[in-house]
Amino acid sequence: METPNDQIMQRKEKLQKLIDMGVELYSGSVNRSHSCKEAVDQFEEGHEVTLAGRIKALRWHGKAVFGDLEDASGKVQFYAKKDAVGERFAELSLLDIGDILCIVGDLFRTRTGEVTVLIKDFKIVSKSLRPLPEKWHGLKDVEMRYRYRYLDLISNSDVAAVFKRRSRAISLIRSFLDEKDFLEVETPMMQSMAGGATARPFVTHHQALGVDLYLRIAPELYLKRLIVGGLEKIYELNRNFRNEGLSRFHNPEFTMLEIYQAYADYNVMMNLTEELVVFLCEKLLDKLELGFGDKTVEFKPPWKRLTFHEAIREIAGVDIDSESIQEEAERIGVDCSDCESKRDNILNEIFEKVVQPKLISPTFIIDYPSSLCPLSRPKSGQPELAERFELFVLGQEIANAYSELNDPGIQYEMFKKQAGLDLKKIDVDYVRALEHGMPSAGGLGIGIDRLMMLLTGAASIRDVILFPQLRPEQEKSSENEPA
RNA sequence: GGGUGCGUAAUUCAGAGGUUUAGAAUACGAAACUUUUAAUUUCGGAGUCGUGGGUUCGAAUCCCACCGCACCUACCA
């Protein structure tokens, strides 16, 4: 019922004119001789180049026009004049900002010294039917930036840089681990039981098998099966899915790096974590000190390592030997109403509320009370502590690691406790695998999206995920229909 | 789930203490211009002020509901 806006109408009219003129649009491959950047960097007066890209600006001068052509490498100016293109000038006059254009021409420098292509021949590769966002403020509306990421990428030049850095980081992680003889593996994302973490899963259904399947919340139990199978050093770098709330730090699907190493323990994984993150900082940023607002994060190793109890004593200033830890908590204003008066729960509450936000530069917190982490191996000689660490940076958890539990008896008891009465929820095959004997092992998980937030200075996880989860777009009007 | 804030042209933003026809810039159309580069000059078109109700002589503006988004908070490895 509504008419599309007049700019779309005008562009459609231009498209029709081009068609009427017999111009072939939306055609096939284009053989470029250079990228825009190469054309500028390798400038040679009079040298012919064939370039292609999106028109980002047009400056008309009657029977001549200057424009900016942009491809993935950068921008180059082109210049077309009626003398040089003859009657095809009419075709040029139907160009719009946003059109995809292939140009053939000779390089020259304008009187201000800018490298420019003097167009001899050209081809409209694709006509743009919708106007681009405003040229110097770019696209600001965050909803539109996430929803229409292509527009964000076209109009905000720094966005591509974030995702290029992310891609480079992923590639560096692989080469770092491959170099150390870790084997990259792929385990099921559709699992008949969603194990390895406690989170609400997404459910789907397999028609042919007639069973419900869960999108994995963690690859952990499959990776450990591979440790049983003798693959000693493995990692998986891929998506996990958790059916929980969205926030600045949570997206329903997120990228996780999990690494397992047989015969290692959490100390080995701690060193590996430190080495990996320092490696990434050096390769990606060429520095180990990052500023975030008024805070400075110092990645220079060795990183601070505090036991859970030390952290609470030193950072929260709590007397952890106190008779009444509850009183201590209340003294520093921590609400423990949900802690069921359990000492470890209260300590955990103090840790999360008071200690964690103060962990700015990378800090390993080690040796958690066993009761807080049933899935890890008790510390030898101190069964009340778990061989586990978490890495915190800027108050956010970045990594989590354990000396893995490999006792099938204890594992089975843990599963039974978690499953309650529903014994069908127990991954008996995993217990069976452990019964065949699993080497001691260190296991490490690193949240890649949060790590990328650090490495790009992003304030929201949505700034490091190309297409973050949003509520599906509503059918509002013909605005949404194809132009 | 709870709280706070925001939603005005294709885009970036003004306007909010109630008053003629809701402004600006970019973008778009017309005219001039064959070395401009945020091109310039002149003219023009473009908006159901998120949606729906209410108060009022009169609402973009005040009130209510809904929709969408953001932030905080809660839940959650």
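Heads up, this note's numbering is the position in the first sequence plus 12, with the first residue counted as 1.
All C-beta atoms in this analysis are idealised placements derived from N, C-alpha and C, irrespective of residue type, glycine included.
Leaving aside the five residues that flank Val174 on each side, the residues in its chain whose CB is nearer than 6 Å to its CB run, in chain order, Thr468. In this structure the stretch 374-386 touches the stretch 404-419; the number of beta carbon pairs closer than 8 Å is three or more.
Buried is the label assigned to Met450, since at least 16 other Cβ atoms lie within 10 Å of its Cβ. The C-beta distance from Glu82 to Gly65 rounds to 5 Å, short enough to meet the 8 Å contact threshold. The C-beta of Glu287 has fewer than 16 other C-beta atoms within 10 Å across all chains shown, which makes the residue exposed. Burial is judged here by how many other beta carbons sit within 10 angstroms of a residue's own beta carbon; Asn360 has at least 16 and is buried.
The stretch 194-208 and the stretch 244-257 touch, with no fewer than 3 CB-CB distances between them shorter than 8 Å. Leu130 and Glu56 do not touch by the CB rule: their CB atoms are close to 13 Å apart, not below 8 Å. The Cβ neighbour count for Ile344, taken over all protein chains shown within 10 Å, is under 16; the residue is labelled exposed.
Distance from the CA of Glu310 to the CA of Asp133, rounded to the nearest whole angstrom, comes to 54 Å. By the 16-neighbour rule on beta-carbons within 10 angstroms, Ser167 is buried. A residue is called buried once 16 or more other Cβ atoms fall within 10 Å of its Cβ, and His46 is buried on that count. One thing to note: Lys24 has its Cβ no nearer than 8 Å to the Cβ of Leu184.
For Glu361, the uninterrupted alpha helix (DSSP H) run begins and ends at 355-362, by DSSP.
Put simply, the stretch 321-330 does not touch the stretch 294-307. Fewer than three CB pairs are less than 8 Å apart. When C-alpha distances from Asp193 are compared across Tyr247, Thr124, Ile458, the shortest belongs to Tyr247. By the 16-neighbour rule on beta-carbons within 10 angstroms, Asn263 is buried. Sequence-distant partners of Gln481 (beyond 5 residues in either direction) whose C-beta falls short of 6 Å from its own C-beta, in its chain, are Asn263, Pro264.
A Cβ-Cβ contact shorter than 8 Å links Gly207 with Asp439.
For Asn252, the enclosing beta strand (DSSP E) stretches over residues 245-253. Apart from sequence neighbours up to five positions away, the residues of its chain that approach Ala102 with a beta-carbon distance below 8 Å are Met33, ordered along the chain. Distances from the CA of Leu417 to each of Lys312, Lys147, Tyr278, Pro313 were compared; the closest alpha carbon is that of Tyr278. As the crow flies, the alpha-carbon of Leu238 is around 12 Å from that of His448. The stretch 226-240 makes contact with the stretch 257-276; the number of CB pairs closer than 8 Å reaches 3 or more. For Asp224, the pairing in a beta bridge is given by DSSP as His217. Rounded to the nearest angstrom, the Cβ distance from Met205 to Lys437 is 7 Å, consistent with a contact under 8 Å.
Taking all protein chains in view, the Cβ of Gln423 is crowded by 16 or more other Cβ atoms within 10 Å, so the residue is classified as buried.
For Ile372, the three-state secondary structure derived from DSSP is coil. Taken in chain order, the whole alpha helix (DSSP H) runs of length 4 or more contained in the stretch 39-73 are 48-53. In this structure Leu195 is exposed. Its beta-carbon is surrounded by fewer than 16 other beta-carbon atoms within 10 angstroms. For Arg121, the pairing in a beta bridge is given by DSSP as Val127.
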